[in-house]
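Step one of this worksheet: look at the structure below.
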RNA sequence: GGAGACGUGGCUGAGUGGUCGAAAGCGCUCCCCUGCUAAGGGAGUAUACUGGCAACGGUAUCGAGGGUUCGAAUCCCUUCGUCUCCGCCA
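Here it is, written out as C-alpha cells:
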C-alpha cells in the first residue's frame with residue numbers, strides 16, 4: 142500500500158518504481174481519483190458541518206419552546222440530508238476504486254536492487270563453504286530416504302495426494318531436531334522472542350501482509366472464514382496490527398516454528414519429486430518490526446541469523462540479492478540464501494529475507510512514535526526464513542550422505558537426536 | 001452447540017436521544033508553590049482524514065459495519081470479541 146501524499150509529491154519517482162516492476166504508469170490516474178475524492182470530501186464535510194450546527198440549534202430551539210424556528214431548521218437539514226446521501230455514495234465508490242487500485246500494486250524496489258526479469262538476473266553476494274568431495278555419484282534426498290525406508294511419498298499420496306510426504310523413524314526425528322535447533326539458536330543467541338502463533342487466520346491478516354487480495358489462488362482456505370497460513374510471516378507480522386508502538390521498544394523480533402500451507406497453483410510440473418516443493422512444510426520464520434531508520438541494518442542482521450544456521454550445520458551456501466523481477470509482492474529488497482544440494486549439483490533456495498519498508502505497515506496500520514512526540518509514523522517490517530525445515534532436511538541428507546546410503550548427523554544436531562551420529566547404516 | 005451478560009479515551013469508570021470527543025478518578029507531561037521527604041495549586045494529555053503559508057479550523061471515530069432520527073455512546077439489525085452457566089471435547 143502506498144502513501145497518497147508521496148505519490149502526489151513524487152509522481153515520477155512512483156511511476157519509475159512501477160516501471161522497474163514492469164508495470165505501466167499509474168500516478169496520474171491515482172492522483173486524479175484522489176483529487177476527485179478529496180474534493181467530494183471537502184464538500185460533504187461542509188454540508189455535515191452545517192447539519193451538525195443546525196441540529197444543535199434545533200435542540201436549543203426546542204428547549205426554549207421555539208417550535209417555528211425548529212421546524213424551519215428541520216426543513217433545512219432535510220435538504221442537506223438528501224445531498225449528503227449522494228455524497229456518501231460517491232465517496233464510498235471513489236474510495237473503493239482507489240483502494241482496489243492501490244492494494245493491487247506491488248511494492249517499489251529500493252534503488253540498489255538489480256534490474257532483471259527472473260532468477261537468472263539475481264546477483265550473487267557471497268558464498269560460504271565448499272561442497273564435500275564424494276567418490277560416488279551423489280544421490281538425491283528422496284533416493285536416500287526411500288532406500289532408508291524412512292521417507293514415503295506413495296503412502297502419503299494415498300491419503301493426501303501429490304506433494305505430501307510421510308517421514309518415519311530417524312528422519313522424522315531429524316525433521317523435528319532441525320526445527321528445535323533453529324528455534325533455540327534464534328531465541329538463545331539472536332535475541333528473537335519465541336512465539337506460538339495460530340495457523341488459521343482471517344482474510345484481514347493476509348491482506349495486511351499482502352497475500353490478499355491478489356494471491357488468493359496460492360492459499361488454502363477453510364469452508365469457514367479462515368485461511369491456512371502460507372508462512373508464519375502472516376501471524377507474526379500481524380501481531381501488532383492497528384497498534385501504535387513506542388520507538389524505544391523497537392526493533393521487535395519474533396520467531397515461530399509453524400507448518401506452512403501452499404496450494405502451489407502455477408507450479409505444476411516443477412520439483413514434482415521429493416520434498417523440495419510440498420503443500421505442507423515446516424518453517425522457522427524470523428520477523429522484525431523496526432523504525433524506518435533501523436530496517437536496512439536489520440535486514441543484514443536477519444540474513445546473518447539465517448546464514449548462521451547453515452554455518453552451524455556445515456552446509457555450503459550462497460547469498461544472492463534478488464533482481465526486481467524475482468522479488469515478492471511486498472518486498473523492497475530481498476536476499477535469498479541458497480544451499481548446495483549435491484544430488485542436484487546446484488544451489489537451491491532455503492531462505493528468503495526481505496524488507497518490506499512500510500508497505501505492510503500501511504496495510505495493517507502499525508505505527509510507531511518516539512516518546513514525547515505527537516507525530517506517528519508507519520513502522521518497517523521485515524521477514525525471513527530461518528530456515529525452511531524440510532529443505533534443510535534435504536540439504537543435510539544430501540550433503541552428509543555416505544557411500545552406503547547412511548547419513549551422518551551434523552554435530553550441532555546430535556543433542557537433538559539422542560546423540561546418535563548416523564542415520565541408517567549398520568547401527569540402525 | 002444451548003442460555004445469558006458485556007464491549008466508552010493509557011487505565012478505572014460515569015453517561016439510555018440534544019450544546020458529549022465524551023464526567024470523575026488514576027496515570028503521564030509542563031508550570032507554580034514548597035529548603036530534604038511528603039503534600040498542594042494550575043494547565044495540558046486519542047487517532048485518522050481534510051482546509052489553511054500559518055495562526056487556526058472542519059469531518060469522522062464510544063469494538064466493527066449497517067439502519068432509525070432533524071440529531072445516536074445512548075434505540076434497532078448484523079458482525080467480531082470478552083465473560084458466566086450448561087453441554088461436548090484434545
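In my numbering, the protein residues as written are 142 to 569. A virtual CB, placed ideally from N, CA and C, is assigned to each residue, including glycine.
Reference residue i; option with closest CA among the options
i, options, result
"residue 273", "514, 482, 552", "482"
"residue 446", "478, 457, 461, 430", "478"
"residue 306", "282, 325, 320", "282"
"residue 231", "520, 215, 184, 384", "184"
"residue 486", "241, 470, 499, 457", "457"
"residue 495", "533, 488, 149, 441", "441"
"residue 364", "381, 344, 488", "344"
"residue 218", "206, 196, 228, 488", "196"
"residue 615", "460, 160, 374", "The structure shown does not extend to residue 615, since the chain spans only 142 to 569, so no value can be given for it."
"residue 439", "511, 406, 474", "474"
"residue 235", "552, 493, 156, 173", "173"
"residue 356", "452, 433, 244", "244"
"residue 522", "293, 248, 336, 181", "248"
"residue 317", "333, 400, 337, 158", "400"
"residue 577", "493, 420, 155", "Residue 577 is absent from the model: the chain starts at 142 and stops at 569."
"residue 226", "192, 250, 251, 208", "192"
"residue 242", "366, 148, 510, 171", "171"
"residue 290", "240, 547, 561", "547"
"residue 246", "367, 359, 563, 155", "155"
"residue 561", "310, 366, 448", "310"
"residue 381", "361, 508, 488", "508"
DSSP bridge partner residues for residue i (one or two, in chain order)
i, result
"residue 401", "422"
"residue 542", "548"
"residue 461", "265, 477"
"residue 518", "509"
"residue 564", "548"
"residue 495", "475, 524"
"residue 487", "482"
"residue 427", "396, 525"
Alpha carbon of residue i to alpha carbon of residue j, nearest angstrom
i, j, result
"residue 376", "residue 265", "31 Å"
"residue 215", "residue 199", "7 Å"
"residue 253", "residue 539", "35 Å"
"residue 269", "residue 430", "28 Å"
"residue 349", "residue 329", "29 Å"
"residue 308", "residue 287", "10 Å"
"residue 559", "residue 312", "13 Å"
"residue 351", "residue 176", "26 Å"
"residue 549", "residue 454", "11 Å"
"residue 464", "residue 371", "23 Å"
"residue 353", "residue 190", "37 Å"
"residue 569", "residue 303", "In this predicted model, residue 569 has a pLDDT of only 47, less than 50, meaning its place in the structure is not dependable enough to derive any value."
"residue 145", "residue 331", "37 Å"
"residue 298", "residue 555", "31 Å"
"residue 339", "residue 542", "36 Å"
"residue 151", "residue 167", "12 Å"
"residue 388", "residue 378", "17 Å"
"residue 476", "residue 165", "26 Å"
"residue 259", "residue 229", "45 Å"
"residue 205", "residue 153", "60 Å"
"residue 212", "residue 194", "15 Å"
"residue 566", "residue 284", "15 Å"
"residue 425", "residue 347", "18 Å"
"residue 422", "residue 402", "7 Å"
"residue 323", "residue 157", "40 Å"
"residue 515", "residue 386", "12 Å"
"residue 490", "residue 182", "48 Å"
"residue 161", "residue 391", "31 Å"
"residue 480", "residue 280", "16 Å"
"residue 517", "residue 251", "23 Å"
"residue 239", "residue 233", "10 Å"
Integer-rounded CB distance, given that residue j should sit under 8 Å from residue i
i, j, result
"residue 408", "residue 418", "6 Å"
"residue 527", "residue 450", "6 Å"
"residue 467", "residue 163", "Actually they are not in contact, since the Cβ atoms of residue 467 and residue 163 sit about 12 Å apart, beyond 8 Å."
"residue 320", "residue 398", "5 Å"
"residue 393", "residue 327", "That belief does not hold up - the Cβ atoms of residue 393 and residue 327 are roughly 14 Å apart, past 8 Å."
"residue 471", "residue 501", "6 Å"
"residue 443", "residue 498", "With 8 Å as the limit, residue 443 and residue 498 do not qualify as a contact, their Cβ atoms being about 14 Å apart."
"residue 255", "residue 462", "7 Å"
"residue 504", "residue 142", "5 Å"
"residue 267", "residue 460", "5 Å"
"residue 221", "residue 180", "Contact flag wrong, Cβ pair sits at about 18 Å."
"residue 537", "residue 416", "Contact doesn't hold; Cβ gap of about 12 Å is too wide."
"residue 277", "residue 544", "5 Å"
Report task. Counting only runs of 3+ residues fully inside the region 263–339, write out the beta strand (DSSP E) ranges in chain order. Result -> Qualifying beta strand (DSSP E) stretches, in chain order: 264–269.
Requested in this report: Any chance you could list the alpha helix (DSSP H) runs of at least 4 consecutive residues sitting entirely within the region 348–408, in chain order?
Outcome: For the region 348–408, whole alpha helix (DSSP H) runs of length 4 or above, ordered along the chain, are 374–379.
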